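The numbering used here puts the first residue of the sequence shown at 5, with every later residue one more than the last.
This report concerns only the one structure given below.
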Amino acid sequence: MPHIPNLLAAYGGAETSQRAAVRVWLGELAATGQLPVALPQIKVRGWPNGA
Numbered sequence: 005m006p007h008i009p010n011l012l013a014a015y016g017g018a019e020t021s022q023r024a025a026v027r028v029w030l031g032e033l034a035a036t037g038q039l040p041v042a043l044p045q046i047k048v049r050g051w052p053n054g055a
């Protein structure tokens, strides 16, 4: 997905993780982490035209 400049991943379904993700989206909290894996240039099935 080369047209997407940033990706926010909140690991876990805990309320604290979800609240932190929202705070990042709102600009209240800086996102400083980094994914432990590379995201290669792949075509996600059905993206962007649906499943």
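A virtual CB, placed ideally from N, CA and C, is assigned to each residue, including glycine.
Note that this is a predicted model, so its numbers are computed, not measured.
Is DSSP giving glutamate 19 helix, strand or coil here? helix
Please report how far the alpha carbon of alanine 34 lies from the alpha carbon of arginine 27, in whole angstroms. 8 angstroms
Hey, alanine 61 and leucine 43 are a contact pair by Cβ (cut 8 angstroms); roughly how many whole angstroms apart? The chain is shown only over 5 to 55; residue 61 falls outside these bounds and no answer can be derived.
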